[in-house]
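**Student:**
Residue numbers (the numbering used here): 883 to 1080.
1. Does residue 946 pass the burial test, meaning 16 or more other C-beta atoms within 10 Å, or should it be called exposed?
2. DSSP three-state call for residue 1049: helix, strand or coil?
3. Can you check which of these residues, 1046, 1054, 1045 and 1002, is closest to residue 889 by C-alpha distance?
4. Go through its chain and collect everything with a Cβ distance to residue 939's Cβ below 6 Å, but skip five positions before and after it.
5. When burial is assigned at 16 or more other CB atoms within 10 Å of the CB, is residue 953 buried or exposed?
6. Helix, strand or coil, according to DSSP, for residue 890 in the structure here?
7. Just how far apart, CA to CA, sit residue 979 and residue 911?
8. The alpha helix (DSSP H) with residue 932 in it runs from where to where?
9. Do you know offhand how far residue 948's Cα is from residue 983's?
10. From residue 987 to residue 1031, what distance separates their C-alpha atoms?
11. Decide if the stretch 1037-1056 is in contact with the stretch 1016-1027; the criterion is three or more beta carbon pairs, one per stretch, under 8 Å apart.
12. Please report the distance separating the alpha-carbon of residue 989 from that of residue 1059.
13. Nearest-angstrom Cα distance between residue 1081 and residue 916?
14. Could you give the residue range of the alpha helix (DSSP H) that holds residue 900?
15. Just reading off the alpha helix (DSSP H) that residue 981 is part of, what are its end residues?
16. In three-state DSSP terms, what is residue 1060?
17. Looking at residue 969: is its Cβ nearer than 8 Å to the Cβ of residue 920?
Here it is as structure tokens:
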């Protein structure tokens, strides 16, 4: 039998009771949970689009364990030298077991590998219970072999939850081990690490 991810077990056995006590939920269905994780990278109008796109797809596959889809520009933007329907990046959406496995690696292994790491900003919630973390390059993930990196890619990790407020979402992610800090310095940038979304 395939063993359940530790983070999922922790959510069921410890996090749910903790959130219920803290927020006074009367119904278990009110307790927030993570519904999906979206990892997105945008290469924009890089001069070597084909190579950059292949690198991005390969690295996202290695990091997430799932093949990404290619994202296209929804409209032409002359300032960015983009044409409508031009390939501009890659995206992978994780759910279920593979989602919890990725989050566990992100929280316990990848983030602590960042030099001078002091935590992540608590100010990157979107007002609807979702959180986006910008990662400047893929080397923090141990699955990436450093001597085989062709080029650094930045990407965004968006954690989508069922929480109705930022406060509830932060409580959920904090209980799961996300290392938030209120200190203004030496934080991981939690704004977009890639080109503007199109």
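Ideal placement from N, C-alpha and C gives every residue a C-beta, glycine not left out.
**Tutor:** Straight from the coordinates:
1. Position 64 of the chain shown, counted from the start, is the residue given in the question as residue 946. Counting of Cβ neighbours within 10 angstroms places residue 946 among the buried residues, the total reaching 16 or more.
2. The residue labelled residue 1049 in the question sits at position 167 within the chain shown. Three-state result, residue 1049: helix.
3. As a working note, residue 889 is residue 7 in the chain shown. Nearest option by C-alpha distance: 1054.
4. Against the chain shown, residue 939 aligns to sequence position 57. Answer for residue 939: 950 and 972, listed in chain order.
5. The residue labelled residue 953 in the question sits at position 71 within the chain shown. It counts as buried.
6. Stepping through the chain shown from its first residue, residue 890 is reached at position 8. Helix at residue 890.
7. Along the chain shown, read from residue 1 onward, the residue named residue 979 stands at position 97. Along the chain shown, read from residue 1 onward, the residue named residue 911 stands at position 29. Looking at the two C-alpha atoms, the distance is approximately 20 Å.
8. Within the chain shown, residue 932 is the residue found at index 50, counting from 1. Judged by DSSP secondary structure, residue 932 falls within the alpha helix (DSSP H) whose first and last residues are 931-946.
9. One-based indexing of the chain shown puts residue 948 at position 66. One-based indexing of the chain shown puts residue 983 at position 101. Between residue 948 and residue 983, the C-alpha separation is close to 12 Å.
10. By 1-based counting over the chain shown, the position of residue 987 is 105. By 1-based counting over the chain shown, the position of residue 1031 is 149. Between residue 987 and residue 1031, the alpha-carbon positions lie close to 20 Å from each other.
11. The answer is yes - the stretch 1016-1027 touches the stretch 1037-1056, with three or more Cβ pairs under 8 Å.
12. If you number the chain shown from 1, residue 989 lands on position 107. If you number the chain shown from 1, residue 1059 lands on position 177. Their backbone Cα atoms lie some 7 Å apart in a straight line.
13. With the chain covering 883 to 1080 only, the question about residue 1081 has no answer from this structure.
14. Position 18 of the chain shown, counted from the start, is the residue given in the question as residue 900. Counting along the chain, the alpha helix (DSSP H) containing residue 900 begins and ends at 898-905.
15. Translated into positions along the chain shown, residue 981 becomes position 99. In this chain, the alpha helix (DSSP H) harbouring residue 981 covers 978-987.
16. Your numbering for residue 1060 matches position 178 in the chain shown. In the structure shown, residue 1060 sits in coil (DSSP, three-state: anything other than H, G, I, E or B).
17. Residue 969 sits at position 87 when you count from the first residue of the chain shown. Residue 920 sits at position 38 when you count from the first residue of the chain shown. Result no, Cβ atoms of residue 969 and residue 920 do not sit closer than 8 Å.
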